[in-house]
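For the sequence shown, my numbering gives the first residue as -6, with consecutive numbering after it.
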Amino acid sequence: MEQAFSNYEVWFVTGAQLLYGGDAVVQVDGHSNEMVNGLNESGKLPVKVVYKGTANSSKEVEAVFKAANNDDRCIGVITWMHTFSPAKMWIHGLQQLKKPLLHLHTQYNAEIPWDTMDMDFMNLNQSAHGDREFGHICTRMRIRRKVVVGYWKDEATQHKIAVWMRVCAGWADAQDMLIIRFGDQMNNVAVTDGDKVEAEQRMGYHVDYCPFSEVMEYFKQVKEEEVDALVKAYFEQYDHDQELEDKSSLGYKKVWNSAKAELALRAILKEKGAKGFTTNFDDLGDVDVENTGLGFDQIPGLASQRLMAEGYGFGAEGDWKSAALYRTVWVMNQGLSKGCSFLEDYTLNFDGENSSILQSHMLEICPMIAASKPRLEVHFLGIGVRKTPTARLVFTSKVGSGVTATVVDLGNRFRLIVNDVECIEPKPLPKLPVASALWIPMPNFEVGAGAWILAGGTHHSCFSYDLTAEYWEDYAEIAGIEMMHINKNTTLSEFKKELRMNEVYYMLNKALC
Ligand code: MN
């Protein structure tokens, strides 16, 4: 966990003023240092907190926020008002601040020292009203931020900060995120398309197209020994039928082709500095691949599965929004135990209160969510330009609760849709050899799926066992996009009201559109 975010830090700025004299500020400084050390030593925060001193004037606030903007290591700023800090002095700084903001409403001491408290103590420990003054100016200036209320030593408080830190890491990662589309959007599909210019302005994602002929330049350069070595690694890593190792078999050849495709894709993604990619089953290189060898023999499903586990964002059928969002999920998920994946609503299982949705894809499900060791198999795949057997990892997912998310383009804004889901025990699919999960969307299938459809959600989504809706709330706050959350308390009538109210809100509030 520490390693994943070791290049990042979050700055801690304490608000104060010089009204009570220099001695008070020295004490404020001492307490802040102790708190920041305590937060770092708690072991609960994934990103290091760096104390940046007290801000006692408009000039000091502006200076520290400008420095935060210009420091690539700094992914967010925490503010706390130990004493009363007149909020007009925060205006110019807040106008400048470009990094995510967390306002921590806490206090140095936990309890009131009833017997010893005097006016000096009161002049020093004023966060009860100092933080409200700061909150007022943020609200008046429409500054988006997370407000965390709680004692700084409490685990619940530290957890809320930790969640926000992971989102800040995902956000920082997204600001130079390049997604490469190998092939275009699947023809005629609406929900996976959208405004790429707006996506870059709003969420940071930069989306480029790469013709398949360019992939072939990398494909041609892949050395046979590298492919052999990767195939060997597959056999070591995954369960498989022994006959797949027979070098004269069609199965071996197909595994070998998949490994070559993986090496070519990884090479081009690395070369371009891309963090994610999309594929399209109708665009796989030379149509005469059988004779020229200049193309993939089938969609690179196994490659997509393995690259996803490595952290590359992935979206099928040219779905660049899902590719980008999956990369952000993967970053936020770093060091957490149960994993994440790109998934698609595959088929429905009506079963009364346990009605559920099978989540799968043709091939491309991330093995991080597997309940046990994935199995490498080769089967015929008849979709797309090629109709031939291909390799894939087959598994079922872990049982347990999680959250799935998608972003759609509504024409005037992006909407993030989040659904809490419960993954239940799936049944074997002997005739459908793909990876899968089976879940009940909260609060139940009828309301969960109904709300998702009313919100205009995709059939593709980015799922994680480890993240919760709180992560997505923080993400939507930082990005300034709408979020609709479908959870155990959702009713369709209330959900529809929220959709209608949001329509008006986002129409009036142009800054957020
Ligand atoms: Mn799909």
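Glycine included, each C-beta is placed from N, C-alpha and C at the ideal position.
The structure displayed is predicted, hence computed values, not measured ones.
DSSP-derived helix/strand/coil call for residue 248: Note: residue 248 maps to helix in three-state DSSP.
Residues bridged to residue 200 [DSSP beta-bridge criterion]: According to DSSP, residue pairing for residue 200 in a beta bridge involves 172.
Collapsed DSSP secondary structure at residue 352 in the structure displayed: Note: residue 352 maps to strand in three-state DSSP.
Residue 34 beta carbon near the ligand MN (any heavy atom closer than 7 angstroms): At a cut-off of 7 angstroms, the beta-carbon of residue 34 does not count as near the ligand MN: no heavy atom of the ligand is closer than that.
Beta carbon of residue 353 nearer than 8 angstroms to that of residue 388: Cβ distance not < 8 angstroms, so residue 353 and residue 388 don't count as in contact.
Contact belief for residue 11 with residue 63 at Cβ below 8 angstroms, rounded distance in angstroms: Between residue 11 and residue 63, the beta carbon gap of about 26 angstroms keeps them out of contact (Cβ cut-off 8 angstroms).
3-residue-minimum beta strand (DSSP E) runs that sit fully inside the segment 55 to 140, ordered along the chain: DSSP runs (the beta strand (DSSP E)) wholly in the segment 55 to 140: 67 to 74, 94 to 98.
The segment 164 to 173 in contact with the segment 287 to 301 per 3-pair CB rule at 8 angstroms: When Cβ pairs closer than 8 angstroms are counted between the two stretches, the segment 164 to 173 is seen not to touch the segment 287 to 301, the count staying below three.
Element boundaries [beta strand (DSSP E), containing residue 508]: Not covered by the structure: residue 508. The range shown for the chain is -6 to 506.
Any C-beta of chain D under 8 angstroms from that of residue 80: Structure shown: chain D not included; a single protein chain is present.
Nearest-angstrom Cα separation, counted from residue 495 out to residue 407: Whole-angstrom Cα-Cα distance: 12 angstroms.
Selected residue, minimal CA-CA separation from residue 206, among 23, 265, 277: The shortest C-alpha separation from residue 206 is found at 277.
Boundaries (first-last residue) of the alpha helix (DSSP H) holding residue 16: In the DSSP assignment, residue 16 falls within the unbroken alpha helix (DSSP H) covering 15 to 34.
Where the beta strand (DSSP E) containing residue 4 begins and where it ends: Unbroken beta strand (DSSP E) run through residue 4: 2 to 8.
Residue from 274, 109, 67, 100 whose Cα sits closest to the Cα of residue 91: Of all alpha-carbon atoms in 274, 109, 67, 100, the one lying nearest the alpha-carbon of residue 91 is that of 67.
Straight-line Cα distance separating residue 281 from residue 359: Whole-angstrom Cα-Cα distance: 31 angstroms.
Environment of residue -5 [buried if 16+ CB atoms lie within 10 Å]: Unreliable placement is indicated for residue -5, whose pLDDT of 44 sits below 50; no coordinate value is reported for it.
Contiguous beta strand (DSSP E) assignments of at least 3 residues, all confined to the segment 416 to 475: Taken in chain order, the complete beta strand (DSSP E) segments of 3 residues or longer contained in the segment 416 to 475 are 429 to 434, 453 to 457.
Beta-carbon spacing of residue 332, residue -3 below 8 angstroms: Taking 8 angstroms as the Cβ cut-off, residue 332 and residue -3 do not qualify as a contacting pair.
Exposure of residue 397, with buried meaning 16 or more beta-carbon neighbours within 10 Å: It is buried - the Cβ of residue 397 has at least 16 other Cβ atoms within 10 Å.
Ordered list of beta strand (DSSP E) runs contained in the segment 315 to 346, each at least 3 residues: Contiguous beta strand (DSSP E) elements confined to the segment 315 to 346 occur at 333 to 342, taking only those with 3 or more residues.
N-terminal and C-terminal residue of the beta strand (DSSP E) that residue 299 is part of: Per DSSP, residue 299 lies in no beta strand (DSSP E) segment; the continuous alpha helix (DSSP H) that holds it begins and ends at 294 to 303.
Straight-line Cα distance separating residue 127 from residue 97: Approximately 11 angstroms, taken between the alpha carbons.
Segment contact flag, the segment 369 to 377 with the segment 434 to 452, C-beta cutoff 8 angstroms, min 3 pairs: At 8 angstroms Cβ cutoff, the stretches do not touch.
Residue 154 beta carbon less than 8 angstroms from that of residue 87: Going by beta carbons, residue 87 and residue 154 fall outside the 8 angstroms limit.
Segment contact flag, the segment 171 to 189 with the segment 342 to 350, C-beta cutoff 8 angstroms, min 3 pairs: Because the criterion of three Cβ pairs below 8 angstroms is not met, the segment 171 to 189 and the segment 342 to 350 do not touch.
Touch test, the segment 219 to 234 against the segment 243 to 261, Cβ-Cβ under 8 angstroms, three pairs minimum: Under the Cβ criterion (8 angstroms, minimum of three pairs), the segment 219 to 234 counts as touching the segment 243 to 261.
Cβ neighbours of residue 308 in the same chain (closer than 6 angstroms, five flanking residues each side left out): Answer for residue 308: 271, 315, 316, listed in chain order.
Environment of residue 6 [buried if 16+ CB atoms lie within 10 Å]: Under this definition residue 6 is a buried residue.
Proximal residues to residue 198 (C-beta, below 7 angstroms), its chain only, five neighbours per side dropped: Cβ neighbours of residue 198 within its own chain (closer than 7 angstroms, five residues either side excluded): 167, 170, 172, 192, 317.
beta-carbon residue 309 near the ligand MN non-hydrogen atom, thresh 7 angstroms: At least one heavy atom of the ligand MN is nearer than 7 angstroms to the Cβ of residue 309, so yes.
C-beta contact flag for residue 507 and residue 123 at 8 angstroms: No answer is possible for residue 507: the residues shown for the chain start at -6 and end at 506.
Distance CB(residue 368)-CB(residue 232) smaller than 8 angstroms: Residue 232 is positioned such that its CB atom lies closer than 8 angstroms to that of residue 368.
Expected contact under 8 angstroms - CB spacing of residue 21 and residue 44 to nearest Å: The beta-carbon distance between residue 21 and residue 44, rounded to whole angstroms, is 11 angstroms. This is too long to meet the 8 angstroms contact definition.
Best match in 401, 85, 404, 481 for proximity to residue 439 [C-alpha to C-alpha]: Of 401, 85, 404, 481, the residue nearest in Cα terms is 481.
Best match in 24, 72, 312 for proximity to residue 185 [C-alpha to C-alpha]: When each option's Cα is compared against that of residue 185, the closest is 312.
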